[in-house]
Amino acid sequence: MRAIQEEKCTALIGAPIIFRDILTHPDRKKYDLSSLVFGLSGASSMHIDFLRQLENEFPITRMAQAYGMTETAGIITCSMWAGDNDDKRRLSSIGQPMPGLELKVVDQQGKTVPIGASGKIWTRGHSVMCGYYGDVEKTQETITPSRWLKTGDVGRMDENGYVYFVGRQKEIIIRGGVNIYPVEIENIIAEYPHVLDAQV
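Residue numbers (the UniProt record's numbering): 1 to 200.
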C-alpha cells in the first residue's frame, strides 16, 4: 500500500487474495490509494459480492478477470468490467477466449457439451505450446491429435461465449454419486454476510 501511495500506481495485478488482503488490512485507510484505476485478477475467480465491495471501497473503475496457464503462454480468456451491471456479472466468469485462441467445453469423450453444461475445458491456438520438452508421453496425454490442449479444468460456457470456472478435475469430490467441486462450495459460503474468504 505504501508503494501504491508513493509511486501513484494506477494498476493492481494479482490473485483475488491480494485484493482481499488490501481491502481488509487494518491500516488501509491510512494510505492514499486514489491513483488506482485498473485491476487485473487471475488464479481464481472473484465472487460477485466481492466485486461490489471492491467497487465501493476502491477507486478502481475498470477490472479484468483472466484465466490462463503456462502451457498457453499466458492468458486464455479475459473478462472486463467498466461499471456496467451486465459487465460486472460477466466478470464473475473467466471471460471469453482471447484473439487467436479457441475454447470449448467437452464431455468425457471429447464432444462439446450443451450451453450451460459443465465439462472439461479444452483450448487451442497460436499461443498453445507444441508439447512438453523431452516428454512425448505427457504431451500425448495433454494435447489431442487436432491440437486441443486439455487444461485439466472444468467449466461451463454461456450463450454469449463467456466461460465460468467450475473447478479442477483433480480436486473433484464425489459424494453419493454426485460430482462436487470445492469452488462451488466456496461460492455458496461467500454469499453469507460477514464471510471474508472461503477455502474448501
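All C-beta atoms in this analysis are idealised placements derived from N, C-alpha and C, irrespective of residue type, glycine included. Just so you know, these numbers come straight off a predicted model, no measurement behind them.
Taking 6 angstroms as the limit between beta carbons, can you name the residues of its chain near residue i, skipping five residues before and five after?
i, result
"A43", "A15"
"K150", "W122, T142"
"G119", "V105, V106, D107, V113"
"A198", "E186, I189, A190"
Check the C-beta distance from residue i over to residue j and give it rounded, since I have them as a contact under 8 angstroms.
i, j, result
"I143", "L103", "Not confirmed; about 15 angstroms, so no contact."
"L101", "G131", "Not confirmed; about 17 angstroms, so no contact."
Can you tell me where the alpha helix (DSSP H) with residue i in it begins and where it stops?
i, result
"F38", "Unbroken run through F38 is the beta strand (DSSP E), 38-41; no alpha helix (DSSP H)."
"T77", "Looking at the DSSP string, T77 is not in any alpha helix (DSSP H); the run it does join, the beta strand (DSSP E), is 74-81."
"I115", "Note, I115: premise wrong, no alpha helix (DSSP H); not H, not E."
"I13", "Here I13 belongs to no alpha helix (DSSP H); instead the beta strand (DSSP E) covers 11-14."
Hey, would you say residue i sits closer than 8 angstroms to residue j, going by beta carbons?
i, j, result
"V195", "P182", "no"
"F58", "L36", "yes"
"S92", "V163", "no"
Where residue i and residue j are concerned, what is the direct C-alpha to C-alpha distance, given to the nearest angstrom?
i, j, result
"Q114", "M46", "Strictly speaking, residue 114 in this sequence is Pro, with Gln absent from that position. Roughly 25 angstroms separates the two Cα atoms."
"T139", "I173", "27 angstroms"
"W81", "E159", "18 angstroms"
"S127", "K30", "43 angstroms"
"Y133", "W148", "17 angstroms"
"C9", "L40", "13 angstroms"
Keeping to the same chain, check which residues put their C-beta closer than 8 angstroms to that of residue i; ignore five residues upstream and five downstream.
i, result
"G167", "D153, V154, Y181, P182, V183, E184"
Go to residue i, then tell me how far its beta strand (DSSP E) extends in each direction, as first and last residue.
i, result
"F50", "That residue, F50, is in no beta strand (DSSP E); its alpha helix (DSSP H) goes 48-57."
Whose C-beta lies closer than 7 angstroms to the C-beta of residue i among residues of the same chain, with five residues either side of it excluded?
i, result
"E7", "none"
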